[in-house]
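Take a look at the structure set out below.
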Amino acid sequence: MKEWIDEWYSLYQSVWELPLDNQVEVLENKTQQLLMTWGSLDEALQELKKKLKDENEPYAYQSKGTVLFDQGQFDQACFQLKQEQCGEKQEAIRCLYLGYALLYTNDVTASEEYFRYVQFISRQTLILHLVYQGLGLVAMLQNKLELAIQYLEKAQPLAENHEVMYNLGVCYFSLENYTYAVTCFRRYAYVKDDSDGLYALGLALLQAGEVEEARAAFLEVIETVENEADLVAVAQLVEWIGEHELACYAYEHLMLLTGKKPRWLHGFAWNKALAGDERAIHLLEELGQTDPEAKKSYEWIQATVK
1390 MKEWIDEWYS LYQSVWELPL DNQVEVLENK TQQLLMTWGS LDEALQELKK KLKDENEPYA
1450 YQSKGTVLFD QGQFDQACFQ LKQEQCGEKQ EAIRCLYLGY ALLYTNDVTA SEEYFRYVQF
1510 ISRQTLILHL VYQGLGLVAM LQNKLELAIQ YLEKAQPLAE NHEVMYNLGV CYFSLENYTY
1570 AVTCFRRYAY VKDDSDGLYA LGLALLQAGE VEEARAAFLE VIETVENEAD LVAVAQLVEW
1630 IGEHELACYA YEHLMLLTGK KPRWLHGFAW NKALAGDERA IHLLEELGQT DPEAKKSYEW
1690 IQATVK
């Protein structure tokens, strides 16, 4: 996540300094890819161990490979899980873990093969739910979104897993079916009370023309996010879509969180100026005396309003 945010921010900065059409298009594509990445790599298997233990103890499986998986060491987990042997009932779980580990190492072809093998050897409801979810994620990464929807909709009724609704929302959003995307993201965000889900909901609402509810969603994100990098990403997104007052609010929260850094003052003044507050232009002029980026913003505003 951090790498994507850093890459987006770096590109955003270059577009801000020199807003060429081709760069703007790249930035829009990057924003789309960021949303897709959040969906496809979004805690896909975090509940596997808990669900299997709670729902059907005889199918639980714990090994050196599963421990490595839980630690996020997916390459090592793949190697270890392939070497392990277990009983007939545990075989489906071992292969399920292996399928997700391969997915997280971007070996989608092998991942799909293991998911299909588990689908063949097991009829257990929870296992099939996780198989269909895994196949849906594979299809998402292959950009086969209609197929991904088919798998995710098969997974959805088999177990309570709100991550499936999030990923369905991502698929519908990418296919520009914003009404369905809004429905899915609503079912995820308000049940999970999750800022990522609210962020995605806000994007879908904007595309669906539900501007007021979109503002409310972004406002809630700003008020709940406490991580600096995530708050900066939200501030820049709402600025990018023209919601400058919301961006100002985000920069105010950043200043409350980390102090009145020149970067936040610049962002606040810039958005206030874009919102039509003439006093902010004077603030940009003052900031520009010590901050080269603020000076560029002031000069751009001055050249635009003439």
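Be aware that the sequence shown starts at 1390, since it is given in the numbering used here, and climbs by one per residue.
Glycine included, C-beta positions come from ideal geometry on N, C-alpha and C.
Beta-carbon gap between residue i and residue j smaller than 8 Å
i: HIS1518; j: ALA1499; result: no
i: GLY1525; j: TYR1506; result: no
i: LEU1487; j: CYS1467; result: yes
i: PHE1657; j: GLU1674; result: no
i: PHE1504; j: VAL1527; result: yes
i: GLU1477; j: SER1452; result: no
i: HIS1551; j: VAL1580; result: yes
Of the residues the options, the one placed nearest residue i, counting alpha carbons only
i: GLY1454; options: PHE1509, GLU1477, PRO1681 and ALA1490; result: ALA1490
i: ILE1630; options: PHE1607, GLU1617 and TYR1640; result: PHE1607
i: GLN1596; options: VAL1497, ALA1618 and THR1568; result: THR1568
i: TYR1588; options: LEU1620, TYR1561 and CYS1560; result: LEU1620
i: ASP1582; options: TYR1555, ASN1532 and ASN1495; result: TYR1555
i: LEU1530; options: GLU1552, LEU1676, THR1514 and VAL1497; result: VAL1497
i: LEU1557; options: ILE1538, GLU1682 and VAL1571; result: ILE1538
i: GLU1601; options: THR1613, LEU1536, LEU1635 and CYS1484; result: LEU1635
i: GLY1461; options: ARG1668, CYS1573 and TYR1493; result: TYR1493
i: GLN1513; options: ILE1482, VAL1527, GLU1501 and VAL1456; result: ILE1482
i: ILE1510; options: GLY1523, ALA1528 and GLN1479; result: GLN1479
i: ASN1616; options: LEU1673, GLY1656 and ASP1585; result: ASP1585
i: HIS1655; options: LEU1536, CYS1637, GLY1665 and VAL1456; result: CYS1637
Assigned exposure category for residue i - 16 Cβ within 10 Å defines buried
i: HIS1671; result: exposed
i: TYR1687; result: buried
i: GLU1565; result: exposed
i: LEU1592; result: buried
i: ASP1464; result: exposed
i: LEU1424; result: Unreliable placement is indicated for LEU1424, whose pLDDT of 49 sits below 50; no coordinate value is reported for it.
i: PRO1681; result: exposed
i: ASN1532; result: exposed
i: LYS1649; result: exposed
Residue i - containing alpha helix (DSSP H), residue span
i: PHE1621; result: Contrary to the premise, residue 1621 reads as Val rather than Phe in this sequence. From DSSP, the alpha helix (DSSP H) with VAL1621 extends over 1617-1629.
i: ARG1575; result: 1567-1581
i: ARG1668; result: 1667-1676
i: ARG1512; result: Looking at the DSSP string, ARG1512 is not in any alpha helix (DSSP H), and its letter there is neither H nor E.
i: GLY1558; result: 1551-1563
i: GLU1477; result: 1477-1493
i: GLY1591; result: 1584-1596
i: GLU1612; result: 1600-1613
Residue i at chain C interface by Cβ criterion, 8 Å
i: ALA1605; result: Among the chains of the structure shown, chain C does not appear; only one protein chain is present.
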